[in-house]
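In this note's numbering, the protein residues as written are 39 to 292.
By construction, the Cβ of each residue, glycine as well, lies at the ideal position given by its N, Cα and C atoms.
Notes for the one structure printed next.
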Ligand code: MF3
Ligand code: CO
């Protein structure tokens with residue numbers, strides 16, 4: 039661990055290739071999400087798509103201490119915040135599902151997530167998704183040279199809380215590059231003007247997780263799935279970006 043690694047244009051190009059695959063898979067998955075589909079089918083689709091384009095699924099084989107994640111995709115339904123495990127569970131009309139995905143190309147990572155509706159969803163749920171995605175873009179807009187990490191955090195929190203939602207504090211965004219998780223951590227809350235100063239060449243995964251109710255989460259017995267303690271709905275959007283002299287560059291965008 040030696041602080042925040044700045045990436046060269048060549049390294050950012052590799053991350054960009056990985057991130058492009060991430061964006062393409064998420065877009066394709068969006069079209070597959072409908073009532074009757076299993077999350078396992080989405081995972082299998084994602085893995086084949088990644089491999090066919092010459093990428094490596096970044097989450098498969100990922101370990102946190104003794105626990106190994108065995109899938110390419112995280113599928114987090116309704117009250118699941120992040121890290122939902124693909125299974126034979128069938129999507130039904132009115133659900134929301136978070137799709138989170140990482141890809142490696144030439145040793146460099148890209149990571150992004152979207153939350154999408156399954157068929158028709160109530161207007162209040164549509165608002166949760168819209169506000170969470172907006173919060174991501176508010177955060178990204180702060181990722182400019184000379185700002186500090188918590189300027190991103192503060193922008194995310196302010197936008198989510200203005201809509202009377204709460205931000206999850208137990209999971210954070212992160213630096214990314216030659217590893218999925220690098221320094222610095224990027225909380226989705228905090229006062230502005232704190233933490234490391236942003237420099238050109240920093241590559242960050244910014245990922246607001248926003249709950250309709252209380253912010254607290256707990257982990258299910260499967261060892262991975264984080265759910266809201268109060269059972270309220272949760273949304274998650276994520277992009278991998280590069281801080282450049284001309285502003286934030288979103289790598290996981292089509
Ligand atoms: N996108 C998640 C993150 O940034 C990674 C998922 S963890 C895994 O923390 F186990 F699913 F790989
Ligand atoms: Co991430």
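Between ligand 2 and the CB of residue 212, the shortest heavy atom gap is smaller than 7 Å. Looking at the DSSP output, residue 276 sits in a beta bridge with 151. Separation of residue 160 and residue 114 (C-alpha to C-alpha, rounded to the nearest whole angstrom) is 18 Å. Under the Cβ criterion (8 Å, minimum of three pairs), the region 40-51 counts as touching the region 238-248. Linking residue 235 to residue 143 through their CA atoms gives a straight-line distance of about 28 Å. Taking C-alpha positions only, residue 252 is separated from residue 169 by approximately 16 Å. The C-alpha of residue 110 is placed about 6 Å away from the C-alpha of residue 85. Rounded to whole angstroms, the Cβ separation of residue 116 and residue 134 is 6 Å, and the two are in contact under 8 Å.
Residue 215 is positioned such that its CB atom lies no closer than 8 Å to that of residue 187.
Annotated as distal: residue 286 and residue 194, with beta-carbon spacing of 8 Å or more. Classified as buried, residue 112 has 16 or more neighbouring CB atoms from the shown chains inside 10 Å of its CB. Under the three-state reduction of DSSP, residue 210 is assigned to coil, being neither helix nor strand. Under the 8 Å Cβ criterion, the region 205-212 does not count as touching the region 151-167, having fewer than three qualifying pairs. As the crow flies, the alpha-carbon of residue 202 is around 30 Å from that of residue 289. Excluding the 5 residues flanking it on each side, residue 91 has same chain C-beta neighbours closer than 6 Å at 59, in chain order. The Cβ-Cβ distance between residue 53 and residue 148 falls below 8 Å. Residue 72 and residue 174 have their C-alpha atoms some 25 Å from each other. Residue 78 is a Cβ neighbour of residue 125, given a cutoff of 8 Å.
Distance between residue 278 and residue 225, taken at the CA atoms: about 15 Å. Between residue 244 and residue 177, the gap from beta carbon to beta carbon is short of 8 Å. Relative to the Cα of residue 180, the nearest Cα in the group 197, 166, 164 belongs to 197.
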